[in-house]
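Down below is the structure, laid out as structure tokens.
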């Protein structure tokens, strides 16, 4: 634990984000495009097509891909909130129960657009998948992303009166009264 | 009932709804699950699971520890099937790193993972029968076999539950001499033992009364909530990652995925797990026969001829005969990139989403825990059932609370 007492260097940014040349639009990007949803293709994450879409298009995109008879992405497999140093990302891994299609969708909210003391807003996917319910609560709890339209946006893993969002990069651990002799140290 | 209802209207007989707290220290909640039940008489009208009592910030710890350190911790995410959490993490790191895992290591992984699936299902079977009220006798039968497997785990990994055996790039060590023979003896006798359990349980009238038609999980509901694993195969959807998105050496092995067509009730989930144990046993048998390089005793003989040179192109100890792609050290680094890797754990799709920035620590970990997703469907199953069925239904989805809370 002693090494964690030192101020830690800021971690270098996560994987290269935008490349100078725009990437070619992929299979799922085309389906989104046909339904009037603009998407920006990102470098593939280990062979899986990854796109970034606008927050306002999120619900429509999810519904389109779920109901599309060709790809049938009807399983919301994983929903992760990420504090990406400059942005807050909400990452959706869509799978299918019927075929082996995979797709990754990201919504990115720059920290500059988030007002002081406010949480970034991302539309909730609960109207489309009930699976999103607990995942979104978890992401709210740990990363502090507010999912607009969620029926029950409360903390799920931490106690209800916990302060701060532990997986944020600027999170400070609370003073541990039990294990820490010095109540003023911020470990 | 001997109540004189003459002169009473239905309004007079109404009871008020009652909110009851169940857990977190309830013996049948398999850990610390708290359920806020709203009851109408004996029947459940609303459930709110309150989770997080076992939250250990596994994701935070992953981001603040090196890859090498974190490997030892992740068995605690799901303590009944630690091999699978290690495997998911290793697969994620190997996918990012484009690391080729030697075939012998993949076989060892499949063997220990299937053993772990059996131990996990056996523990579920024993405790589930306790949940149903079979307090005496039966629960010890599955534990008898589980104990044998745990002894084998202890011999190969040094621990009985927190193995830290599957590592990034391969497995920790070669099996000791005599280990394969013991495992083979176990696989020979195990099908008879399953027959024993089935003789006691499967057609037991009390068991059937408690489970048939109870806690029906419809396909559409299951798909909406992202349920995976035996729960969804009991609802008639054939989704087992070992066949669905094959990984490791599973394409080379012959086994069936048990899918129970029908209602998707509690009994179907029991049946699915029982059949899975038989299939896992078959998989282990095949692996013992097919493993690249043969049994450790033979391989040790072969290695004498080259004096265990450890060279990459050596026919006796290089290439696919190794158990580790590259020797690990504490400064283990993974290239920059992101990956989502999933394995089929005893409870369903166990996924690990990793963002790495090329340093010795991961930038972001996210566990996709099957128990977490399967538990979120609980209120759909419980509403309309009497209190006595709560444990029968909750037990049947095989939730493990550390896996929910991380």
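Protein chains in written order, with our numbering: chain S, 1 to 187; chain V, 1001 to 1406. Backbone N, C-alpha and C fix where the C-beta goes; we use that ideal spot for every residue, glycine too.
For residue 1282 of chain V, the three-state secondary structure derived from DSSP is helix. In this chain, the beta strand (DSSP E) harbouring residue 41 of chain S covers 39-45. Residues of the region 1215-1231 of chain V with a C-beta less than 7 Å from any C-beta of chain S: 1223, 1224, 1225, 1226, listed in chain order. For residue 1327 of chain V, no pairing in a beta bridge is given by DSSP.
DSSP places residue 1219 of chain V outside any beta strand (DSSP E); the residue lies instead in the alpha helix (DSSP H), whose first and last residues are 1219-1224.
A distance below 7 Å between beta-carbons, with the five flanking residues on each side excluded, links residue 1406 of chain V to the following residues of its chain, in chain order: 1055, 1056, 1058, 1059, 1077, 1367, 1369. When secondary structure is reduced to three states using DSSP, residue 77 of chain S falls in the strand class. Residue 165 of chain S is outside the set of residues whose beta carbon lies under 8 Å from a beta carbon in chain V. In this structure, DSSP gives residue 1124 of chain V a helical state, which the three-state scheme calls helix. Here residue 1282 of chain V has 1255 as same chain residues with Cβ atoms under 7 Å from its own Cβ, once five neighbours each way along the sequence are excluded. The continuous beta strand (DSSP E) containing residue 1342 of chain V extends over residues 1336-1345. Using a Cβ-Cβ distance cut-off of 8 Å, the region 1315-1332 of chain V and the region 1210-1222 of chain V are not in contact, since fewer than three pairs of beta carbons, one from each stretch, lie closer than that value. Check the Cα spacing between residue 96 of chain S and each of V:1259, V:1402, V:1223, V:1044: the tightest is with V:1223. A direct Cα-to-Cα measurement between residue 1404 of chain V and residue 1052 of chain V gives close to 8 Å. What residue 97 of chain S touches in chain V, judged by beta-carbon distance under 7 Å, is 1223, 1237, 1239, going in chain order. For residue 1304 of chain V, the enclosing alpha helix (DSSP H) begins and ends at 1296-1306. Among the bridge pairs identified by DSSP, residue 1354 of chain V is matched with V:1339, V:1365. Using a C-beta cut-off of 8 Å, the region 1084-1101 of chain V makes contact with the region 1333-1344 of chain V, since at least three inter-stretch Cβ pairs fall below that distance. For residue 131 of chain S, at least one C-beta of chain V is nearer than 8 Å to its own C-beta. Between residue 1091 of chain V and residue 1247 of chain V, the CB-CB gap stays under 8 Å.
Considering only V:1082, V:1199, V:1086, V:1169, the residue with the shortest C-alpha distance to residue 1102 of chain V is V:1169.
In the structure shown, residue 1104 of chain V adopts helical secondary structure according to DSSP, grouped into three states.
About 19 Å separates the beta carbons of residue 1089 of chain V and residue 1111 of chain V, which is beyond the 8 Å limit, so they are not a contact pair. The bridge partners DSSP lists for residue 103 of chain S are S:94.
At a cut-off of 8 Å between beta carbons, residue 150 of chain S makes no contact with chain V. At a beta-carbon threshold of 8 Å, the residues of chain V lying near residue 80 of chain S are 1353, 1364, 1366, ordered along the chain. The alpha-carbon separation between residue 49 of chain S and residue 1143 of chain V amounts to approximately 45 Å.
Across the structure, residue 162 of chain S and residue 92 of chain S are spaced so that their CA atoms are roughly 26 Å apart.
In the structure shown, residue 167 of chain S falls within a coil segment according to DSSP collapsed to helix, strand and coil. Residues are counted here when their Cβ sits less than 9 Å from a Cβ of chain V; for the region 33-46 of chain S these are 43, 45, 46, given in chain order. With a threshold of 8 Å between beta carbons, residue 1405 of chain V makes contact with chain S.
As the crow flies, the alpha-carbon of residue 1319 of chain V is around 22 Å from that of residue 1177 of chain V. For residue 64 of chain S, the nearest beta carbon of chain V is not closer than 8 Å to its own beta carbon.
As DSSP reads the structure, residue 1046 of chain V sits in a beta bridge with V:1038. For residue 158 of chain S, the chain V residues whose Cβ falls inside 7 Å of its Cβ are 1052, 1055, in order along the chain.
Taking C-alpha positions only, residue 1155 of chain V is separated from residue 1197 of chain V by approximately 27 Å.
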